[in-house]
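Residue numbers (the numbering used here), protein chains in the order written: chain A, 1 to 125; chain B, 1 to 125. See structure below.
2 protein chains.
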Amino acid sequence: MNRRNTPTKEAVLNLLLSSRKALSQDAIERQLDIEINRATIYRVLNRFCEDDIVHKIVAEDGKQYFAICKKCEDQPEVVQHHFHFRCLSCDSIECLQVPVEYSVPNGYEVQNANCVLTGTCNDCS
Amino acid sequence: MNRRNTPTKEAVLNLLLSSRKALSQDAIERQLDIEINRATIYRVLNRFCEDDIVHKIVAEDGKQYFAICKKCEDQPEVVQHHFHFRCLSCDSIECLQVPVEYSVPNGYEVQNANCVLTGTCNDCS
DNA sequence: TGTTTTATTGCGAATAAGTTGCAATAATAC
DNA sequence: GTATTATTGCAACTTATTCGCAATAAAACA
Chain A
1 MNRRNTPTKE AVLNLLLSSR KALSQDAIER QLDIEINRAT IYRVLNRFCE DDIVHKIVAE
61 DGKQYFAICK KCEDQPEVVQ HHFHFRCLSC DSIECLQVPV EYSVPNGYEV QNANCVLTGT
121 CNDCS
Chain B
1 MNRRNTPTKE AVLNLLLSSR KALSQDAIER QLDIEINRAT IYRVLNRFCE DDIVHKIVAE
61 DGKQYFAICK KCEDQPEVVQ HHFHFRCLSC DSIECLQVPV EYSVPNGYEV QNANCVLTGT
121 CNDCS
């Protein structure tokens, strides 16, 4: 299943790269100049996730948001789990450079972390 | 808007009290002996949330799960934000007694935290 | 105890997010 | 240039949650 380069893929990737925020499918659809089908956007995004180009966050609104996997300065090798911040005022989600730290009971094995803080961001407070 | 006691409310509350896990609407509906309408279950649960009897978790499946606000031994006054664990094997969500710790950039104000770790629980590993 | 008030419920319909099957299109390899 | 098959668009579908409305039933009160 080799990947192909398409205008759609390019457009979505560029949008995500230029965005400071995590974007939902409908935000992406709105912000793109070219018209791309809803289902296609999801498929492109999910492929990006499979390829670890993008990570998916699910917020308390139950919606999926997608953000480029930027590597943290301190740990260039790993894109570790970090907190996300959802501002209720401007309704945007961004990645914080704050690693998620936790311990789990014996026998538990963590594969993923989905952590979203909610409140008011600097721009809105 | 005074609250009234109803069989429905009782039943849902007792179920949540007796459950070690956070429950979704459909899990509650399935586990109850009495027949309660879907919309009603949601309304009861949301009222519990408003009254801080129950807290809501949204998992990466986008679904809402509800759990009794048990107070942690260490900080009996406050039900502080804690991690949740979702086991992909037995598909259940539970509250961990692990507080969520974080810092946020200047000017950010956190009102809530929704943190779910995903993986395999002790029973399934 | 009977009556009134209004919170709660059930029902059905609506909404919204995300997925899927399928046929058409278009990258890429040869 | 042709063949292969990844990608796309479309429409339909699924699933979770919400909402309006009329009926019901707690709770307060006479």
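Ideal Cβ placement from N, Cα and C applies to all residues, glycine included.
Inset, instruction - Please list, in chain order, all residues of the same chain as Val-100(B) whose beta carbon is under 7 angstroms from its beta carbon, the five residues on each side excluded. - result: His-81, His-82, Phe-83, Ala-113, Cys-115
Inset, instruction - In the DSSP assignment, find the alpha helix (DSSP H) that holds Lys-9(B) and state where it starts and stops. - result: 7-18
Legend entry - Buried or exposed (CB count within 10 angstroms, at least 16 for buried), Thr-6(A): exposed
Legend entry - Residues that Asn-106(A) contacts on chain B, provided the C-beta gap is smaller than 7 angstroms: Asn-122
Legend entry - Assigned secondary structure, Leu-138(A) (DSSP; H/G/I helix, E/B strand, else coil): Nothing can be reported for residue 138(A): it is not among the residues displayed for chain A, which extend from 1 to 125.
Inset, instruction - Determine, using beta carbons only, whether Ile-28(B) and Leu-15(B) come nearer to each other than 8 angstroms. - result: yes
Legend entry - beta strand (DSSP E) runs contained entirely in the region 13-69 of chain A, provided each spans 3 or more residues: 54-58, 64-68
Inset, instruction - Ignore the nearest five residues each way along the sequence and tell me which others in Val-58(B)'s own chain have a CB closer than 7 angstroms to its CB. - result: Gln-64, Asn-114
Inset, instruction - To the nearest angstrom, report how far apart Thr-120(A) and Glu-10(B) are at their CA atoms. - result: 36 angstroms
Inset, instruction - State yes or no: is the beta carbon of Gln-111(A) nearer than 8 angstroms to at least one beta carbon in chain B? - result: yes
Legend entry - Selection from Cys-95(A), Gly-107(A), Asp-91(A) that minimises the alpha carbon distance to Cys-124(A): Asp-91(A)
Legend entry - Under the three-state DSSP convention, the category Val-100(A) falls into: coil
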